[in-house]
Ligand code: GLY
Ligand code: MN
Ligand code: MN
C-alpha cells in the first residue's frame with residue numbers, strides 16, 4: 010500500500026523565506042538589477058505556493074508583486090493572500106501592465122530569466138523600451154535554489170516515489186504474453202491517478218526490439234515470451250515528481266538478456282555507491298560509463314546518467330558528462346543507466362536518490378534484480 014502523507018502544505022512563511030533568500034542573492038552587488046521578473050511557472054510556484062499554470066512574480070529588494078490573468082484572479086487570492094496581485098483582463102497586454110508597474114516603482118533595470126523564449130523576450134522588450142527599462146538576464150538563480158530540497162518537499166517526493174513503486178507492483182500481473190504495451194501504460198496511469206496523483210510524464214512501455222528505444226511510446230504491440238519490457242513512469246504528488254524505470258523479461262531470460270541486465274545493474278550500483286557530497290555530476294556519470302566499458306557496452310549507453318528531480322521531472326542539473334556542479338546533501342536525483350541494442354532490445358534501471366551527508370539514500374524500493382514475469 011502507498012503510505013499516506015498528511016503533511017500540511019507549507020505555511021506562507023516558507024514561501025516568504027524563499028523569496029527573502031532569493032532577494033538577498035539577486036539584489037546584492039553593484040551590477041544587480043533593480044527588479045527581477047520570474048515567469049517560469051515552477052519557479053513562481055516554488056516562491057509563492059501558487060498552483061495554477063500561469064502567473065508572473067515581480068521582485069524588488071523590498072517588494073513582491075504578482076501579475077496574472079482573470080482565470081486565476083480568485084485562485085491566486087486564495088493561495089497567495091500575502092502578495093499584492095494585478096489581474097489583467099482579456100484584451101490587456103501583460104507586458105504593458107508590467108512595464109507600467111515597474112515605471113511607477115522607479116525601476117530602470119529588470120532581470121528576466123534566461124530560460125525564456127526569444128519570442129517572449131522580444132515581446133517584452135517592446136514594452137520595456139517604452140518605459141525606458143533595460144533588460145538583463147538572470148541565469149538559473151531560482152533553479153539553483155530548487156536543487157536542495159527542504160523537509161516538506163522531501164516528504165512529497167517520498168510519497169510520489171512510493172506511488173510509483175506501488176504502481177509497478179500493481180502492474181506486474183500484466184507483464185505476460187499477449188498483453189499490449191498500451192494497456193499496461195493505461196493501467197499504470199490509472200493506478201497513479203487513483204492514488205490522488207498525476208502521471209508525472211507520458212508513461213513509457215516498450216517491449217521486444219522496441220525496448221531499444223529509450224523514449225519510445227507505448228503501442229498496441231503485445232508482449233511475447235523472450236521480450237525485454239521497459240516501463241518508465243512517475244507520479245506527480247502535491248506538485249512533486251518521481252521517475253522510475255524497470256526492465257523485466259517476459260517468460261524466459263536468455264544469456265544475452267542476463268548479460269545486458271547485469272551490466273546495467275552493475276553500472277547502477279557502482280554509481281549509487283559513488284554518490285556523495287562534493288562529487289561532481291560528471292564524476293558519477295563517468296563511473297557508470299567506465300563500468301559499461303568493462304562489458305564492452307559503453308557505446309550503447311547514449312544518454313546522461315541522471316537528472317535532478319523535483320517540481321519538474323527534469324528539474325535541473327544532474328549526472329552528465331559535462332556537469333561540473335558538485336553534489337550537496339538534500340539534492341534529489343535520478344540514476345538511470347541504460348544500454349540499447351538496435352534489433353535486440355534495451356535495458357534501463359532508474360532509481361530516485363537523496364544525497365545525504367555521507368552518500369545517498371535510495372528512495373525507490375522496487376526490486377532491481379532481474380525479474381522474469383509471466384506464467
Ligand atoms: N522519464 C524520463 C526520464 O527518465 O528522464
Ligand atoms: Mn524515467
Ligand atoms: Mn529520468
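Numbering (this note's numbering), first residue to last: 10 to 384.
Just so you know, even glycine gets a beta-carbon here, dropped at the ideal spot from N, CA and C.
Query, Result
"DSSP-derived helix/strand/coil call for residue 359", "strand"
"Cβ separation of residue 253 and residue 129, assumed to be a contact under 8 Å, to the nearest whole Å", "Actually they do not touch by this definition, with Cβ atoms about 33 Å apart."
"From 205, 136 and 190, residue whose alpha carbon lies closest to that of residue 219", "190"
"Cβ-based neighbour list, residue 364, same chain, cut-off 8 Å, excluding 5 preceding and 5 following", "284, 285, 286, 336, 337, 338, 339, 340, 341 and 342"
"Whole-Å CB distance - residue 300 paired with residue 267, under 8 Å assumed", "No, residue 300 and residue 267 are not in contact; Cβ-Cβ is about 16 Å, not under 8 Å."
"Residues bridged to residue 28 [DSSP beta-bridge criterion]", "BP columns for residue 28 are empty, so no partner."
"Where residue 132 sits in the DSSP three-state scheme", "helix"
"Bridge partners - residue 231, DSSP secondary structure assignment", "189"
"Residue 398 to residue 361 span [Cα, whole Å]", "Any answer about residue 398 is impossible in this case: the structure gives the chain only from 10 up to 384."
"Expected contact under 8 Å - CB spacing of residue 381 and residue 258 to nearest Å", "5 Å"
"Any non-hydrogen atom of ligand 2 within 6 Å of residue 1 CB", "Because residue 1 is not part of the residues shown, which for the chain are 10 to 384, the question remains open."
"Backbone CA spacing between residue 305 and residue 296 [nearest angstrom]", "14 Å"
"Simplified DSSP assignment, three categories, for residue 10", "Residue placement at residue 10 is poorly supported in this model, since its pLDDT is 46, which falls under 50; the coordinates are not used for a value here."
"Any heavy atom of ligand 2 within less than 7 Å of residue CB: hits in chain order", "241, 243, 252, 253, 254, 343, 345 and 359"
"C-alpha distance - residue 298 paired with residue 359, whole-angstrom precision", "15 Å"
"Proximity winner among 120, 93 and 323, relative to residue 48 (alpha-carbon distances)", "120"
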